[in-house]
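Participant: Chains as they are written, first to last, in the working numbering: chain A, 22 to 323; chain B, 300 to 575.
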């Protein structure tokens with residue numbers, strides 16, 4: 022049984038599309054990245070998973086139970102952090118978190134609350150209206166984690182946080198997954214998705230365009246290689262289409278800057294014909310892969 | 300597959316919302332109570348009553364209809380005290396509660412973004428709606444009780460030449476409570492359907508139209524046929540004071556309006572995707 026399962030989910034807002042024919046599953050204990058630009062349907066999917074929106078068709082299941090709109094299915098087992106954490110401004114985080122905990126089965130969360138607040142360096146007794154955006158986000162993180170849920174659905178958890186706290190939150194997510202929780206992490210920050218997620222789904226205009234391990238997504242991106250030829254040796258000309266998946270980005274008097282996809286084997290064999298001084302390669306980031314993915318999907322690839 | 304379990308009723312949410320509404324409720328209740336004391340303070344003194352009625356007569360039949368109509372007669376103590384139950388200030392205070400509470404609790408929480416937090420816990424949409432409905436209806440009845448208590452306290456504070464029929468005032472208060480709850484039902488329906496500003500506007504517009512229909516029907520005999528159209532027609536002080544029994548027909552109309560609007564609001568609230 023998968024912890025989270027989305028089956029042919031479609032959500033339309035009148036004539037506008039939210040998400041279309043979305044299917045994926047997340048195994049127990051997995052940290053799953055959910056990527057996509059603004060308006061791609063990430064939040065719509067999450068709200069369908071939380072039962073906050075009624076799907077037009079398809080269904081979502083959490084811990085084996087079908088989510089029914091408005092019925093709070095399995096919500097005592099779900100930790101949820103909305104994309105924009107907004108609360109009653111007159112409450113202190115302590116009172117807010119206690120109230121929200123008591124709206125489930127979380128009467129015994131005080132100890133966990135204190136521990137998390139200490140770890141995130143948050144004062145629980147200042148009014149919400151007096152807190153900075155980052156501190157309000159910390160309250161949201163405590164809210165999601167305080168009742169030790171089996172499933173965590175986090176929409177942009179590190180937004181507005183400083184790098185130090187961001188690292189603490191990522192550690193917290195890792196530890197929670199190691200303890201057996203399943204985590205769906207929606208984010209714009211691709212480096213954090215690459216750092217903690219095993220697999221990721223990429224959404225574009227409401228449709229799933231990729232669902233694969235992070236390493237595979239990164240591999241699909243172009244890599245760069247810079248080649249220095251021995252002084253005085255003419256730089257060889259690489260004709261378009263001569264090597265499949267390879268293209269020249271820049272050529273100088275003794276250097277060649279090349280982008281390639283797939284393995285480097287063919288390129289190395291071609292270079293072996295010439296007098297190469299040295300080679301430098303750069304690691305492709307998920308961000309590069311992501312941007313290239315969108316260019317490719319949007320038909321912008323040169 | 301896990302066994303199905305029903306989420307528990309969100310008592311903490313009911314308590315939280317009640318505490319949030321309480322200061323406003325208390326202020327409204329205090330004002331309604333003081334209005335009853337003030338009205339009784341005026342009408343227990345014959346000289347003041349004469350002066351007041353002369354002044355009202357000078358203002359014309361329209362204004363007279365606006366603040367009590369035929370009930371405003373010298374010597375009719377009950378009719379004069381009943382002005383405190385239907386004068387525009389008291390009605391405005393009831394309106395504030397009836398319109399403000401459900402729209403603040405449903406549409407207001409949606410707009411603030413806190414409804415997403417509430418619904419992300421073990422709280423169903425139906426539970427949330429029931430909490431808002433309970434606070435509205437119970438709050439209304441509590442206001443009505445305060446209003447009646449104001450009359451009871453006043454009759455002990457001041458001496459009246461005639462016996463004040465407190466039982467009839469109790470009947471009037473209960474009927475008024477049902478009317479106010481029905482307005483609360485309309486506000487719940489509006490809050491379930493629209494954003495806060497729109498919900499408030501629709502409910503206030505509904506009340507204002509009903510109120511002016513009542514005034515026009517009282518003031519202009521040719522428009523008497525409009526009487527059944529307005530909800531205010533179903534709290535008839537004259538009938539309550541003159542007839543020994545309870546106005547069951549009127550109460551049924553108002554209860555029907557309360558039930559229909561509340562249930563309809565609940566269905567819309569349940570079916571609708573909230574603009575979170």
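Just so it is clear, CB atoms sit at the ideal spot from N, CA and C, and this is done for glycine as well. Model, not experiment: these values are computed from the prediction.
1) Quick check: what's the CA-CA separation for residue 521(B) versus residue 515(B)?
2) Exposed or buried, what is residue 519(B) when buried is set at 16 or more other beta-carbons lying within 10 Å of its beta-carbon?
3) In this structure, what does DSSP give as the bridge partners for residue 234(A)?
4) Of all the CB atoms in chain B, is at least one closer than 8 Å to the CB of residue 149(A)?
5) Tell me whether residue 477(B) is buried or exposed, calling it buried when 16 or more other Cβ atoms sit within 10 Å of its Cβ.
6) Helix, strand or coil for residue 272(A) per DSSP?
7) Using the three-state DSSP reduction, which class does residue 449(B) fall into: helix, strand or coil?
8) Does the distance from the C-beta atom of residue 227(A) to that of residue 38(A) stay below 8 Å?
9) Please name the residue, chosen from 513(B), 511(B), 487(B), that lies closest to residue 502(B) on a Cα-to-Cα basis.
10) Residue 336(B) versus chain A: which residues are under 9 Å apart at the beta carbon?
11) Whose CA, out of 444(B), 342(B), 475(B), 346(B), lies closest to the CA of residue 325(B)?
12) Could you say if the region 284-292 of chain A and the region 215-225 of chain A meet the contact criterion of at least three C-beta pairs nearer than 8 Å?
13) Could you tell me if residue 314(B) is buried or exposed, where buried requires 16 or more neighbouring beta carbons within 10 angstroms of its beta carbon?
14) Between the region 383-391 of chain B and the region 543-561 of chain B, do three or more beta carbon pairs fall short of 8 Å?
15) Would DSSP call residue 53(A) helix, strand or coil?
16) Run through DSSP, which three-state label would residue 141(A) get?
17) In three-state terms, what does DSSP make of residue 494(B)?
18) With a cut-off of 8 Å, does the C-beta of residue 413(B) fall near any C-beta of chain A?
19) Specify, as a first and last residue, the run of the beta strand (DSSP E) that residue 78(A) falls within.
20) In whole angstroms, give me the CA-to-CA distance for residue 56(A) and residue 82(A).
21) How many angstroms separate the CA atom of residue 322(A) from the CA atom of residue 240(A)?
22) Select from the region 313-335 of chain B all residues with a C-beta closer than 7 Å to any C-beta belonging to chain A, and list them in chain order.
23) Does the CB of residue 202(A) have a neighbour CB from chain B at under 8 Å?
24) I'd like to know if residue 349(B) contacts chain A, where contact means its C-beta is closer than 8 Å to some C-beta of that chain.
25) Please state the DSSP three-state secondary structure of residue 214(A).
26) Looking only at DSSP bridge pairs, what is residue 244(A) linked to?
27) What residues of chain A sit near residue 417(B), judged by a beta carbon separation below 9 Å?
28) Determine the chain B residues that contact residue 220(A) at a beta-carbon separation under 8 Å, and present them in chain order.
29) Does residue 518(B) get closer than 8 Å to chain A when you measure Cβ to Cβ?
30) Mind reading off the beta-carbon distance from residue 203(A) to residue 47(A)? Whole number of angstroms is fine, and I expect it under 8 Å.
31) Measure from the alpha carbon of residue 30(A) to the alpha carbon of each residue in 24(A), 43(A), 87(A), 86(A), then state which is nearest.
32) Check the Cβ of residue 108(A) against every Cβ in chain B and list those closer than 9 Å, keeping chain order.
33) Can you tell me whether residue 176(A) is buried or exposed? The criterion is at least 16 other CB atoms within 10 Å of its CB, across all chains shown.
34) List the residues that DSSP assigns as beta-bridge partners of residue 503(B).
35) Taking C-alpha atoms, which residue in 400(B), 420(B), 538(B) lies nearest to residue 438(B)?
36) Kindly list, in the order they appear in chain B, the residues whose Cβ is closer than 7 Å to that of residue 97(A).
Facilitator: Let me lay it out:
1) 9 Å
2) exposed
3) Bridge partners of residue 234(A) according to DSSP: 220(A).
4) Chain B, which has no Cβ nearer than 8 Å to the Cβ of residue 149(A), makes this no.
5) buried
6) Residue 272(A) sits in a strand when the DSSP states are folded into three classes.
7) helix
8) Taking 8 Å as the Cβ cut-off, residue 227(A) and residue 38(A) qualify as a contacting pair.
9) Residue 487(B) is the option with its Cα nearest to residue 502(B).
10) Neighbours of residue 336(B) on chain A: none; closest Cβ ~33 Å, over 9 Å.
11) 444(B)
12) no
13) Classification of residue 314(B): exposed, given that the 10 Å Cβ count is below 16.
14) no
15) strand
16) helix
17) coil
18) Interface residue, yes.
19) 78-83
20) Here the C-alpha atom of residue 56(A) lies approximately 20 Å from the C-alpha atom of residue 82(A).
21) Because the pLDDT of residue 322(A) is 44, which lies under 50, any placement of that residue in the model is unreliable, and the question is left without a value.
22) 315
23) no
24) no
25) helix
26) 281(A)
27) 121, 124
28) Result: empty, since nearest Cβ-Cβ is about 24 Å, beyond 8 Å.
29) Residue-level contact check: residue 518(B) does not touch chain A, since none of the beta carbons of chain A fall below 8 Å from its beta carbon.
30) Your pair residue 203(A) and residue 47(A) checks out as a contact, with CB atoms roughly 6 Å apart and the cut at 8 Å.
31) 43(A)
32) Within chain B, the residues near residue 108(A) are 411, 412, 413, 416.
33) buried
34) According to DSSP, residue 503(B) bridges with nothing at all.
35) 400(B)
36) 421
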